[in-house]
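Take a look at the structure below.
Residue numbers (our numbering): -8 to 170.
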């Protein structure tokens, strides 16, 4: 099975400094929906792994998160794609959980749930913690320059073998054409 893990904010949808707190603020990045559709139609399973500390901070609730994800699923479906699962960490950074990226808890959960090997498993993200979460388990870190990606790239210290792309569309094309 070909499976790719996507971060959400800054990769699929536009990120906000004050958090994406509701479905109105959840706005897809140009060509991200088509990218997911292309992956789906090329036989890839797509899973989202996202830190959502806004829940732990009380900025929004599960109803709002579910509404954002319903919108994401609907728009991806209208574009001809599918997201097989959404895994999220609701905890604030100081909670001490195992699931918050850069820890690989969500990646491990996805690999177990979908029975895929960790080695070479691609994760597309816009922040260092996304890349560190997948690199920690021997997967393939892929950085996009959308969201926080340009700042992440400029800061350096990327995990070894990180691939860099302009956006999710370009990263998806790479996966489709090279796997």
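Idealized CB from N, CA, C, for every residue including glycine.
Asked, Found
"C-beta contact flag for residue 1 and residue 130 at 8 Å", "no"
"Exposed unless 16 or more other CB atoms sit within 10 angstroms - verdict on residue -1", "buried"
"Beta-carbon separation (whole angstroms), residue 166 vs residue 113, contact threshold 8 Å", "6 Å"
"8 Å Cβ cutoff met for residue 138 and residue 117", "yes"
"Coarse secondary structure for residue 85, derived from DSSP in three states", "helix"
"For residue 131, the first and last residue of its enclosing beta strand (DSSP E)", "131 to 135"
"Contact the segment 52 to 67 vs the segment 92 to 106: 3+ CB pairs below 8 Å", "no"
"Own chain partners of residue 90 with C-beta closer than 6 Å, once the 5 adjacent residues on each side are dropped", "80, 96 and 97"
"CA nearest to the CA of residue 66, picked from 42, 8, 25 and 87", "25"
"Bridge partners - residue -4, DSSP secondary structure assignment", "38 and 114"
"Residues that DSSP places opposite residue 166 in a beta bridge", "According to DSSP, residue 166 bridges with nothing at all."
"Rounded distance between the beta-carbons of residue 82 and residue 47, thought under 8 Å", "5 Å"
"Residue environment, residue 108, which counts as buried when at least 16 other CB atoms sit within 10 Å", "exposed"
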